[in-house]
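**Student:**
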Amino acid sequence: MQSVPSPPLRLYCFPHAGATSLVYRAWQARSEPHVLVRGVDAPGRGTRRRERKAAGFHALVRSMAEPVVADLLAERERTPGVRWATFGHSFGATMALAVAAEVVRQVGAAPERAVLSAAIPPRLQRPGTLLDSVPDEELLARTAADGGTPSAVLADPTMSRILLRMLREDDAVRAEFAEEASGLRVDFPLTLIAARQDVHAPPEKVWQWSPCTSAPARRVAIDGGHFAAVQRPKETLTTIVDDTDPGKG
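Once you know that position 119 of the sequence shown is 127 in our numbering, the rest is easy, because the numbers rise by one and skip nothing.
1) By Cβ distance, which residues of its chain are closer than 8 Å to MET9, with the 5 residues on each side in sequence left out?
2) Got a sec, what are the start and stop residues for the beta strand (DSSP E) SER218 sits in?
3) Out of curiosity, what's the CA-to-CA distance linking HIS24 and PRO129?
4) Can you look up PHE95 in the DSSP assignment and give me helix, strand or coil?
5) In this structure, how does DSSP classify LEU175 when only helix, strand and coil are distinguished?
6) Assuming ALA78 and GLN114 make a contact with CB atoms under 8 Å, what is their CB distance in whole Å?
7) Which stretch, first to last residue, makes up the alpha helix (DSSP H) that contains ALA237?
8) Does TRP35 come within less than 8 Å of chain C when only Cβ atoms are used?
9) Tell me where the alpha helix (DSSP H) around ARG86 begins and ends.
10) Mapping the DSSP letters down to three states, classify GLY7 as helix, strand or coil.
11) In whole angstroms, what separates the C-alpha of VAL194 from that of GLU243?
12) Name the DSSP beta bridge partners of LEU200, please?
13) Are the segment 211-229 and the segment 188-202 touching by the rule of at least three beta carbon pairs closer than 8 Å?
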């Protein structure tokens, strides 16, 4: 008797600070056919730029969970046994985990796992804002040095102003992580991706997400700097496919 193939994995991706879901637009073309990449924007950003911004960490989590919940419920009507996971890079990692927990609370179906890349857990993050006293020119120089932002964005006055505003807005949200998200704990597996040359989130700190779940947490070390995982999407997606293959484990 021929086995019934598993439904495609719906992978909800959360961008790093200062970015929108546009950073994941090319991922679907590079992914395998049984992975459907869905970028998730905050209200007031990207595909949701006409919406009012969420005030505070918890409101942001709930608002970013809304499109995920709606998509899952609609797909569940068509495809029983829908499978899903979240991916978040840097700032987006905390959102990926917090939103996944909120979606579980609302729909009652756990993800295959949350994939957290290039981030340290909230309890290890410095409290308070970090960018308030940093001049615009210095912040742009730091952003350029990290290598995750196209040079065309940094060189364009209008786009660089938008980037600076988003970076400072995200820094204000990040300042709430230590207090509001430090106790976050889930019951589904994690995949932790850390780049060996990442000066912001070195592997030994990324591995500290493990206590945030009662399920297994797999560690994946890769070569490169802070943006290695998003700059090599084929490798990252292969890792995710391997960790969510229902035929394994």
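C-beta atoms are modelled at their ideal positions from N, C-alpha and C, and glycine is treated no differently.
**Tutor:** Here's the rundown:
1) For this step, residue 9 is matched to residue 1 along the sequence shown. With a pLDDT of only 41 at MET9, under the threshold of 50, the placement of this residue in the model should not be trusted; the figure read from the coordinates follows. If we look at MET9 and ignore the five residues flanking it on each side, it has no Cβ neighbours.
2) The residue given as residue 218 occupies position 210 in the sequence shown. Here SER218 belongs to no beta strand (DSSP E), and DSSP marks it neither H nor E.
3) Residue 24 sits at position 16 when you count from the first residue of the sequence shown. Residue 129 sits at position 121 when you count from the first residue of the sequence shown. Their Cα atoms are separated by approximately 15 Å.
4) One-based indexing of the sequence shown puts residue 95 at position 87. Reduced to three states, the DSSP call for PHE95 is strand.
5) Here residue 175 corresponds to residue number 167 of the sequence shown, with the count starting at 1. Reduced to three states, the DSSP call for LEU175 is helix.
6) Reading the sequence shown from its first residue, position 70 is the one you call residue 78. Reading the sequence shown from its first residue, position 106 is the one you call residue 114. The C-beta distance from ALA78 to GLN114 rounds to 10 Å, too long to meet the 8 Å contact threshold.
7) As a position in the sequence shown, residue 237 is number 229, starting the count at 1. ALA237 -> alpha helix (DSSP H) spans 236-239.
8) In summary, chain C is missing from the structure at hand, where a single protein chain is found.
9) For the purposes of this step, residue 86 is taken as the residue at position 78 of the sequence shown. Its alpha helix (DSSP H) spans residues 65-86.
10) Outside the shown range of the chain (9 to 257) lies residue 7, about which nothing can therefore be said.
11) Here the question's residue 194 lines up with position 186 in the sequence shown. Here the question's residue 243 lines up with position 235 in the sequence shown. Whole-angstrom Cα-Cα distance: 26 Å.
12) For the purposes of this step, residue 200 is identified with residue 192 of the sequence shown, where counting begins at 1. Its beta-bridge partners are LEU124 and ARG227.
13) These segments touch.
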